[in-house]
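Notes follow the structure.
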Amino acid sequence: MMRHCFNIRAALQIPLVYPPSACTSPLPHLQSLVEKRTPRHKKGFIVWLAVSPLTAPFALIPIIPNFPFFFCVWRSWSHYRAYKASQYLEGFLRQGAIVPQTSPELDVIYAKYAPKPLPAPSSEKSPPPSEHSSPPEGGEKDEHTAAGEVAGAQLLLTKEAVPELQKILDLPEDSTFASDVYRALEQARLRLEGGDTKV
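Per my numbering, residue 2 is the first one in the sequence shown, and the count goes up by one each step.
This is the structure in structure tokens:
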């Protein structure tokens, strides 16, 4: 019985579908995400759980419910779920159960819904550099960089691609896929606009 269980685990394969035009293999990126995020979620879980008892004095106010307590518990629970999920993902990666699988259909969607490139700065806005002008210092950002093209980083999709992605991946209508991808795209956009290229 135990041997049969190990055979099932060894045979388990989870396809990681990706567009080949976006990257060569998503496994190194996924591994780095797991390595960085697992400790962060564990710390968040412990910190928010430790802070929640400190909100007890708010329970003495009879008019309002103890919103700070509920917020702390909710944050702790969210970090706990993310921590457990990243542990499962780390286990699958360690076992080699996650197998990259290219998808030409995703390539078509990524090409169709790629964000439009930002316009190059026109000559009216910035005059050409003269002999006497000094080059911009390394600490300054130009308009193009500030708008989201930070060190070559850019979004791969727009929000319009989400319904087609859900359809091509054959996900049920009531899944949380759409809302999760919308939130991820918005978070990535805000990070790029803020100049944060960290994963």
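Virtual Cβ for every residue (Gly too), placed ideally from N, Cα, C.
Less than 6 Å between C-beta atoms, sequence neighbours within five positions excluded: which residues of the same chain meet that for residue i?
i: Ile99; result: Ile15, Leu17 and Phe93
i: Leu107; result: Pro20
Answer with buried or exposed for residue i, where buried requires no fewer than 16 other C-beta atoms within 10 angstroms of its C-beta.
i: Tyr84; result: buried
i: Trp75; result: exposed
i: Lys73; result: One point to set straight first is that residue 73 is Cys, not Lys, in the sequence displayed. With 16 or more Cβ atoms within 10 Å of its Cβ, Cys73 is classed as buried.
i: Ala23; result: exposed
i: Ser176; result: exposed
i: Ser87; result: buried
i: His30; result: exposed
i: Ser53; result: buried
i: Leu158; result: buried
i: Gln170; result: The amino acid at residue 170 is misidentified as Gln; the sequence shows Leu. Exposed is the call here.
Between residue i and residue j, how many whole angstroms is the CB-CB distance? I'm expecting something under 8 Å.
i: Phe46; j: Ser26; result: Contact doesn't hold; Cβ gap of about 31 Å is too wide.
i: Tyr114; j: Glu161; result: 6 Å
i: Ser104; j: Pro173; result: Their Cβ separation, rounded to whole angstroms, is 19 Å, which puts Ser104 and Pro173 out of contact at 8 Å.
i: Leu156; j: Arg190; result: 6 Å
i: Leu13; j: Pro101; result: Between Pro101 and Leu13 the Cβ distance is about 15 Å, and since that is not below 8 Å, they are no contact.
i: Lys179; j: Gln167; result: Lys is not the amino acid found at residue 179; the sequence shown has Ala there. About 6 Å; that satisfies the 8 Å criterion.
Where do the N-terminal and C-terminal ends of the beta strand (DSSP E) with residue i fall, by residue?
i: Gln102; result: Ile99 to Thr103
i: Ile15; result: Ile15 to Tyr19
Below 8 Å CB to CB, which residues in the same chain sit around residue i once its five sequence neighbours on both sides are set aside?
i: Gln32; result: Leu94
i: Val35; result: Ser87, Leu90, Glu91 and Leu94
i: Ala60; result: Asn67 and Phe70
Taking the alpha helix (DSSP H) that residue i belongs to, which residues open and close that run?
i: Gln32; result: Leu28 to Val52
i: Asp181; result: Phe178 to Glu194
i: Lys168; result: Val163 to Ile169
Which residues in the same chain have their Cβ closer than 7 Å to the Cβ of residue i, if we skip the five residues on either side of it in sequence?
i: Thr56; result: Asn67, Pro69, Phe70 and Cys73
Runs of alpha helix (DSSP H) lying entirely within the segment 62-104, each at least 4 residues, in chain order: 68-96
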